[in-house]
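Residue numbers (our numbering), protein chains in the order written: chain A, 484 to 613; chain B, 111 to 432; chain C, 15 to 313. So the structure is just underneath, and the comments pick up after that.
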Amino acid sequence: MIEFQLEGASGVATYLQLVQQVRQALQLGILEPGDQLPTAQQVVAKLAINPNTVLKAYRDLEREGLVRPRPGQGTFVVGTLARRDPATQERFLTSMSAWLRKARAAGLGPDDIEAIYRTAARNSFAEGVA
Amino acid sequence: MTRFAWLQFRMQAAVAVGALAVIAVVLAVTGPNLVHLYNTSVANCAARGNCAAATTAFLSNDHVLQDLGNLLIALPALAGMFWGAPLVARELETGTEQLVWAQGVTRSRWILAKLGLIGLASSAASGLLSLMLTWWSNPFDRVNMNKFTSVFDQRDVVPIGYAAFAFALGVTAGALIRRTLPAMASTLVAFVAVRLVFTHWVRPHLITPVHLVTALRATSGMTYNETNNGPLTLIGSKPGAWVYSAQVVNKAGNAVPGVFLDREACLQSRAAPACIGQLREALVYQPASRYWAFQWYEMAIFLALAFVLGGFCVWWVRSRLV
Amino acid sequence: MTAVIETMALGKRYGRKWALRDCTLSIAAGNVVGLVGPNGAGKTTLLHLAVGLLAPTSGSITVLGGRPGDGPAQLEKVGFVAQDTPAYAGLSIANHLRMGSYLNPKWDSSLAQGRIDQLGLDPRQKAGSLSGGQRAQLALTIAIAKRPELLVLDEPVASLDPLSRREFLQGLMEIVAEYGVSVVLSSHLIADLERVCDSLVVLVASQVQLAGEVSELLATHHRLTGPRRDARSLPADQTVIEESHTDKQSMFLVRTEQPILDPRWSVKPVTLEDLVLAYMAAQVRGPEPVARAALGLVS
Numbered sequence: 484m485i486e487f488q489l490e491g492a493s494g495v496a497t498y499l500q501l502v503q504q505v506r507q508a509l510q511l512g513i514l515e516p517g518d519q520l521p522t523a524q525q526v527v528a529k530l531a532i533n534p535n536t537v538l539k540a541y542r543d544l545e546r547e548g549l550v551r552p553r554p555g556q557g558t559f560v561v562g563t564l565a566r567r568d569p570a571t572q573e574r575f576l577t578s579m580s581a582w583l584r585k586a587r588a589a590g591l592g593p594d595d596i597e598a599i600y601r602t603a604a605r606n607s608f609a610e611g612v613a
Numbered sequence: 111m112t113r114f115a116w117l118q119f120r121m122q123a124a125v126a127v128g129a130l131a132v133i134a135v136v137l138a139v140t141g142p143n144l145v146h147l148y149n150t151s152v153a154n155c156a157a158r159g160n161c162a163a164a165t166t167a168f169l170s171n172d173h174v175l176q177d178l179g180n181l182l183i184a185l186p187a188l189a190g191m192f193w194g195a196p197l198v199a200r201e202l203e204t205g206t207e208q209l210v211w212a213q214g215v216t217r218s219r220w221i222l223a224k225l226g227l228i229g230l231a232s233s234a235a236s237g238l239l240s241l242m243l244t245w246w247s248n249p250f251d252r253v254n255m256n257k258f259t260s261v262f263d264q265r266d267v268v269p270i271g272y273a274a275f276a277f278a279l280g281v282t283a284g285a286l287i288r289r290t291l292p293a294m295a296s297t298l299v300a301f302v303a304v305r306l307v308f309t310h311w312v313r314p315h316l317i318t319p320v321h322l323v324t325a326l327r328a329t330s331g332m333t334y335n336e337t338n339n340g341p342l343t344l345i346g347s348k349p350g351a352w353v354y355s356a357q358v359v360n361k362a363g364n365a366v367p368g369v370f371l372d373r374e375a376c377l378q379s380r381a382a383p384a385c386i387g388q389l390r391e392a393l394v395y396q397p398a399s400r401y402w403a404f405q406w407y408e409m410a411i412f413l414a415l416a417f418v419l420g421g422f423c424v425w426w427v428r429s430r431l432v
Numbered sequence: 015m016t017a018v019i020e021t022m023a024l025g026k027r028y029g030r031k032w033a034l035r036d037c038t039l040s041i042a043a044g045n046v047v048g049l050v051g052p053n054g055a056g057k058t059t060l061l062h063l064a065v066g067l068l069a070p071t072s073g074s075i076t077v078l079g080g081r082p083g084d085g086p087a088q089l090e091k092v093g094f095v096a097q098d099t100p101a102y103a104g105l106s107i108a109n110h111l112r113m114g115s116y117l118n119p120k121w122d123s124s125l126a127q128g129r130i131d132q133l134g135l136d137p138r139q140k141a142g143s144l145s146g147g148q149r150a151q152l153a154l155t156i157a158i159a160k161r162p163e164l165l166v167l168d169e170p171v172a173s174l175d176p177l178s179r180r181e182f183l184q185g186l187m188e189i190v191a192e193y194g195v196s197v198v199l200s201s202h203l204i205a206d207l208e209r210v211c212d213s214l215v216v217l218v219a220s221q222v223q224l225a226g227e228v229s230e231l232l233a234t235h236h237r238l239t240g241p242r243r244d245a246r247s248l249p250a251d252q253t254v255i256e257e258s259h260t261d262k263q264s265m266f267l268v269r270t271e272q273p274i275l276d277p278r279w280s281v282k283p284v285t286l287e288d289l290v291l292a293y294m295a296a297q298v299r300g301p302e303p304v305a306r307a308a309l310g311l312v313s
């Protein structure tokens with residue numbers, strides 16, 4: 484059973500933090516299909532957060548096909564996420580390093596590079612956000 | 111709601127019951143002695159011819175009487191101040207109205223239950239004390255014959271009306287002023303004022319008094335200075351009655367204050383025609399038989415005032431404290 | 015969706031001063047709604063109107079389909095915890111529970127007694143000798159044991175120490191999880207509300223400045239930092255809530271539903287506290303429509 488943590492004033496909605504933590508646990512293999520997620524009551528007892536937040540996070544995960552509620556029993560993991568495949572990681576690390584070398588040669592410093600990355604990432608992932 | 115009103119009132123009720131019980135014991139113990147004393151010394155004093163001395167001796171036994179009479183007069187005011195004034199004011203001061211008015215009873219029900227329970231308790235306490243005191247004072251009252259006059263408001267049923275009224279007055283003051291201490295002070299002042307006004311300006315007019323012109327008699331309560339034959343004054347000698355005024359009048363019916371009498375002629379008998387001539391007495395009075403009518407009227411009026419104030423409180427709490 | 019509280023141009027005036035003015039809200043059932051704003055903004059007035067302790071001067075308010083305070087049936091649907099949790103100092107905890115059972119037809123005494131036991135409170139102890147946190151827990155117990163559909167709490171944790179605050183909010187959330195009541199609570203501590211609330215209503219100077227779901231508010235507000243430029247040069251879909259400029263740099267707090275594509279911006283998320291403060295400050299600066307544009311319905 485995983486245990487949720489909350490980062491207080493981070494600007495990220497609580498339910499999103501819970502979703503992220505479940506996804507991360509799935510990626511790292513901490514959660515596997517058949518495992519039960521903490522009940523809303525258990526999360527509330529630990530974190531003193533709104534139970535609706537927990538339910539919302541679980542609903543989002545259900546929509547992604549990662550979990551499913553069993554009436555009277557709880558919410559259980561049913562799906563998997565692509566594990567971090569070391570080979571894929573290595574490939575992209577190499578291409579990124581090459582890009583970085585070119586950017587630095589062009590005179591960009593770490594903050595420029597970070598700004599560029601953030602903009603690109605935001606635009607790329609924002610397509611899914613309402 | 112009645113159960114909750116009782117839950118809050120329990121302690122105060124216990125104090126009142128305790129005090130009444132103590133008083134009851136004291137009166138029960140001393141009462142029969144008084145009756146016995148009366149029967150042996152005063153009841154047949156006429157036969158022995160020592161009534162003046164006997165009554166004086168008997169009346170000197172009235173220490174407790176004084177205190178209890180005063181307590182009975184004060185009791186309604188106390189009920190108004192300590193049971194009535196805090197009823198609404200205390201809730202508003204401590205903020206507990208936010209607790210109790212958010213429960214499943216409406217404000218009307220809340221205040222009606224409290225008015226009813228504690229109003230009833232005030233009246234009952236006052237009535238019980240009055241009952242005990244009237245019973246115990248009976249020998250004294252028979253000697254003094256002043257139930258209709260000086261002790262009217264500490265006997266029989268009027269204290270019930272006073273208590274109900276003072277209580278309702280207290281609740282009203284508390285609801286209007288919203289703070290307990292000022293409400294208590296206002297209740298006291300208002301109650302005293304109303305009682306005074308009623309006693310002096312209303313009670314005398316409840317029933318038209320009897321006007322009577324009658325011959326002066328030995329028993330008319332005449333007094334005059336024997337060394338210089340006068341002036342003659344009347345004390346108004348209707349035993350047990352409430353005499354508004356007693357005047358010496360002449361044959362034509364006009365008042366003649368300060369009339370002088372012939373000493374020689376009056377030595378024999380004060381009622382002799384040679385002494386008093388054509389003088390008569392003019393009385394304005396309420397006969398003793400009307401005592402109970404006055405008691406019931408006054409009680410009813412104060413009870414009616416209490417209900418009017420109570421109705422006002424219900425309306426005020428329901429509609430104006432929002 | 016059924017609304018628990020619905021107001022239409024609701025207003026309350028004392029003499030010439032408006033404690034609450036022109037308040038139009040619709041709060042859906044099944045939510046925990048936070049009411050936030052500075053002291054004197056009208057939070058207590060709004061909550062008192064919702065539970066029937068006050069009557070409106072203008073406009074209307076409907077709670078669970080009925081008029082607040084209008085008879086026992088309406089009163090028993092709403093549980094209320096007042097500011098500073100007043101209690102009868104001379105009555106014991108057990109007598110407070112008796113009060114609840116005498117005055118509420120749907121009183122659940124096993125719930126009440128169970129909660130008192132769980133909290134470790136002595137039923138014979140008089141309420142006057144309880145600590146602030148204990149009194150708050152007592153008030154919450156009384157409010158929930160009548161099995162209401164809606165719980166209204168007026169700054170329940172304002173005068174509590176951090177531990178008592180956390181325990182109280184935890185108890186409240188456990189109640190929501192177990193009994194599914196809708197909750198409306200007011201506070202001026204925004205960090206607490208962030209954990210606990212689905213939606214937020216910001217009340218400043220007796221008017222509603224902002225209303226919306228917390229997750230949606232966080233997702234649609236951003237802090238933009240970049241080279242100096244004028245607010246009017248920003249795209250139309252971006253509403254400026256707050257701006258500050260130096261000679262070379264500008265910072266904007268904007269609300270937008272669209273992604274921000276301009277590469278000149280450094281875009282950061284906004285914490286709920288900063289967001290609410292910005293709306294409160296925007297109102298204070300002047301009666302501009304900047305905050306009104308972001309007004310939404312809470313549902």
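Glycine residues also receive a C-beta, built at the ideal position from the N, C-alpha and C atoms. Keep in mind the model is a prediction, meaning the values are calculated, not measured.
Inset, instruction - Would you mind sorting TRP245(B) into buried or exposed? The rule is 16 or more other CB atoms within 10 Å of its CB. - result: Counted from its first residue, the second sequence places residue 245(B) at position 135. Exposure of TRP245(B) is indicated by the presence of fewer than 16 other C-beta atoms within 10 angstroms of its C-beta.
Legend entry - Check whether PRO119(C) and GLU90(C) have beta carbons under 9 Å apart: Within the third sequence, numbered from 1, the residue matching residue 119(C) stands at position 105. Within the third sequence, numbered from 1, the residue matching residue 90(C) stands at position 76. If you check the CB distance, PRO119(C) and GLU90(C) come in under 9 Å.
Legend entry - Short CB-CB distance (under 9 Å) between SER493(A) and chain C: As a first step, residue 493(A) is located in the first sequence; it is residue number 10 there, counting from the start. Yes, SER493(A) lies at the interface with chain C (some Cβ there is under 9 Å from its Cβ).
Inset, instruction - Please confirm if PHE114(B) has its CB atom under 9 Å from at least one CB of chain C. - result: On the second sequence, position 4 is the one that residue 114(B) refers to. Output row for PHE114(B): interface = yes.
Legend entry - Proximity test, Cβ basis, 9 Å: LEU291(B) and chain C: Residue mapping note: residue 291(B) aligns to position 181 of the second sequence, counting from 1. Under the Cβ criterion of 9 Å, LEU291(B) is not counted among the residues facing chain C.
Inset, instruction - Output the distance between the C-alpha atoms of ALA184(B) and TYR193(C), rounded to the nearest integer angstrom. - result: The residue given as residue 184(B) occupies position 74 in the second sequence. The residue given as residue 193(C) occupies position 179 in the third sequence. It is roughly 54 Å from the alpha-carbon of ALA184(B) to the alpha-carbon of TYR193(C).
Legend entry - Short Cβ contact (9 Å threshold) for SER236(B) with PRO186(B): The residue labelled residue 236(B) in the question sits at position 126 within the second sequence. The residue labelled residue 186(B) in the question sits at position 76 within the second sequence. The Cβ atoms of SER236(B) and PRO186(B) sit closer than 9 Å to each other.
Legend entry - C-beta atoms of VAL267(B) and GLN405(B) nearer than 9 Å: In the second sequence, counting from the first residue as 1, residue 267(B) sits at position 157. In the second sequence, counting from the first residue as 1, residue 405(B) sits at position 295. Against a cut-off of 9 Å, the Cβ pair of GLN405(B) and VAL267(B) comes out as a contact.
Legend entry - Contact with chain A by GLU169(C), beta-carbon distance below 9 Å: Residue 169(C) sits at position 155 when you count from the first residue of the third sequence. False, the Cβ-Cβ gap to chain A never drops below 9 Å.
Inset, instruction - Give, in chain order, every unbroken run of the beta strand (DSSP E) that is at least 3 residues long and sits entirely within the region 574-605 of chain A. - result: Secondary structure remark: continuous beta strand (DSSP E) runs of at least 3 residues inside the region 574-605 of chain A: none found.
Inset, instruction - Report the neighbours of GLN264(B) on chain C: residues whose CB is nearer than 8 Å to its CB, in chain order. - result: Taking the second sequence and counting its residues from 1, one reaches residue 264(B) at position 154. For GLN264(B), there are no neighbours in chain C by C-beta distance under 8 Å, as the nearest C-beta there is about 33 Å away.
Inset, instruction - Quick one: which residues of the region 212-233 of chain B get their C-beta closer than 9 Å to a C-beta of chain C? List them in chain order. - result: Listed in sequence order: ALA212, GLN213, GLY214, VAL215, THR216, ARG217, ARG219, TRP220.
Inset, instruction - Kindly indicate which residue of ARG246(C), ASP168(C), VAL171(C), SER213(C) has the alpha-carbon position closest to the one of ALA43(C). - result: Along the third sequence, one-based indexing puts residue 43(C) at 29. Considering only ARG246(C), ASP168(C), VAL171(C), SER213(C), the residue with the shortest C-alpha distance to ALA43(C) is SER213(C).
Inset, instruction - Closer than 7 Å, Cβ to Cβ, to anything on chain A: give me those residues from the region 237-265 of chain C, in chain order. - result: Taking 7 Å as the Cβ-Cβ cut-off against chain A, none of the residues of the region 237-265 of chain C qualify.
Inset, instruction - Give, in chain order, every residue of the region 60-90 of chain C whose Cβ lies closer than 7 Å to some Cβ of chain B. - result: Along the region 60-90 of chain C, the positions whose C-beta sits under 7 Å from a C-beta of chain B are VAL65, LEU67, LEU68, ALA69, GLY85, PRO86, LEU89, GLU90, read in chain order.
Legend entry - Nearest neighbour of ALA276(B), chosen from VAL299(B), ARG265(B), GLN264(B), LYS224(B) [CA to CA]: To locate residue 276(B), count along the second sequence from 1; it is residue 166. That would be VAL299(B), whose Cα lies nearest to the Cα of ALA276(B).
Inset, instruction - May I have a chain-ordered list of the alpha helix (DSSP H) segments no shorter than 4 residues that lie completely inside the region 227-292 of chain C? - result: With a minimum length of 4 residues, the unbroken runs of alpha helix (DSSP H) contained wholly in the region 227-292 of chain C fall at 228-234.
Legend entry - Coarse secondary structure for ASP263(B), derived from DSSP in three states: For the purposes of this step, residue 263(B) is taken as residue 153 along the second sequence, with counting starting at 1. Look at ASP263(B) here: in three-state DSSP terms it is helix.
Legend entry - Interface residues of chain C facing THR204(B) [CB-CB closer than 7 Å]: Reading the second sequence from its first residue, position 94 is the one you call residue 204(B). In chain order: PRO100.
Inset, instruction - Check whether the Cβ atoms of PHE487(A) and VAL550(A) sit closer than 9 Å, and answer yes or no. - result: Mapped onto the first sequence, residue 487(A) falls at position 4. Mapped onto the first sequence, residue 550(A) falls at position 67. Judged by their CB atoms, PHE487(A) and VAL550(A) are not nearer to each other than the 9 Å cut-off.
Inset, instruction - Indicate whether the contact test is met: 3 or more Cβ pairs, each with one atom in the region 414-430 of chain B and one in the region 149-164 of chain C, closer than 8 Å. - result: Short answer: they don't touch.
Legend entry - the region 188-203 of chain C: positions lying closer than 8 Å to chain A by Cβ: In summary, the residues of the region 188-203 of chain C whose CB is separated from some CB of chain A by less than 8 Å are GLU188, VAL190, ALA191, GLU192, in the order they occur in the chain.
Inset, instruction - Look at the alpha carbon of ALA403(B) and the alpha carbon of MET111(B), and state the distance between them as a whole number of angstroms. - result: Walking along the second sequence from the start, residue 403(B) turns up at place 293. Walking along the second sequence from the start, residue 111(B) turns up at place 1. So the alpha carbons of these two residues sit roughly 37 Å apart.
Legend entry - Residue environment, TYR293(C), which counts as buried when at least 16 other CB atoms sit within 10 Å: Translated into the one-based positions of the third sequence, residue 293(C) becomes position 279. Classification of TYR293(C): buried, given that the 10 Å Cβ count is 16 or more.
Inset, instruction - Can you tell me which of LEU289(C), VAL95(C), ILE158(C) puts its alpha carbon nearest to the alpha carbon of LEU232(C)? - result: Here residue 232(C) corresponds to residue number 218 of the third sequence, with the count starting at 1. When only C-alpha atoms are compared, the closest one is LEU289(C).
Legend entry - Local Cβ density within 10 Å of TRP279(C), reported as buried at 16 or more and exposed below that: As a working note, residue 279(C) is residue 265 in the third sequence. Counting the other CB atoms within 10 Å of its CB gives TRP279(C) a total of 16 or more, which places it among the buried residues.
Legend entry - Whole-angstrom distance between GLY592(A) and ASP261(C), CA atom to CA atom: Here residue 261(C) is taken as the residue at index 247 of the third sequence, counted from 1. Here residue 592(A) is taken as the residue at index 109 of the first sequence, counted from 1. Rounded to the nearest angstrom, the two C-alpha atoms are 24 Å apart.
Inset, instruction - Output, in chain order, the set of chain B residues within a Cβ distance shorter than 8 Å of PRO119(C). - result: In the third sequence, counting from the first residue as 1, residue 119(C) sits at position 105. Chain B residues near PRO119(C): GLY214.
Inset, instruction - Check the DSSP bridge columns for TYR395(B) and list the partner residues they point to. - result: Locating residue 395(B) in the second sequence gives position 285, counting from the first residue. Beta-bridge partners assigned by DSSP to TYR395(B): VAL320(B), VAL353(B).
Inset, instruction - Report the neighbours of ASP212(C) on chain A: residues whose CB is nearer than 7 Å to its CB, in chain order. - result: Counting from 1 along the third sequence, the entry for residue 212(C) is found at position 198. Going along chain A in sequence order, the residues near ASP212(C) (Cβ under 7 Å) are ASN533, ASN535.
Inset, instruction - Measuring alpha carbon to alpha carbon, tell me which of SER40(C), LEU60(C), ALA191(C) ends up nearest ASP168(C). - result: Within the third sequence, the letter at position 154 stands for residue 168(C). Per the Cα distances, LEU60(C).
Inset, instruction - Within 10 angstroms of the Cβ of THR150(B), are there 16 or more other Cβ atoms? Answer buried if so, exposed if not. - result: Your numbering for residue 150(B) matches position 40 in the second sequence. A residue is called buried when at least 16 other Cβ atoms come within 10 angstroms of its Cβ; THR150(B) does not meet this threshold and is exposed.
Inset, instruction - State the Cα-Cα distance for the pair ALA123(B) and ASN171(B), rounded to the nearest angstrom. - result: Taking the first residue of the second sequence as 1, we reach residue 123(B) at position 13. Taking the first residue of the second sequence as 1, we reach residue 171(B) at position 61. Per the coordinates, the alpha-carbon of ALA123(B) lies some 32 Å from the alpha-carbon of ASN171(B).
Inset, instruction - Please state if the CB of LEU186(C) and the CB of PRO170(C) are separated by a distance shorter than 9 Å. - result: Along the third sequence, read from residue 1 onward, the residue named residue 170(C) stands at position 156. Along the third sequence, read from residue 1 onward, the residue named residue 186(C) stands at position 172. Note that the C-beta distance between PRO170(C) and LEU186(C) is below 9 Å.
Legend entry - 8 Å CB neighbourhood of GLY25(C) in its chain, flanking five on each side removed: Your numbering for residue 25(C) matches position 11 in the third sequence. The residues are TRP32, LEU34, ARG35, ASP36, CYS37, PRO70, THR71, SER72, GLY73.
Inset, instruction - Using a Cβ cut-off of 9 Å (strictly closer), state whether ILE596(A) contacts chain E. - result: Absent from the structure is chain E; the protein chains it does hold are A, B and C.
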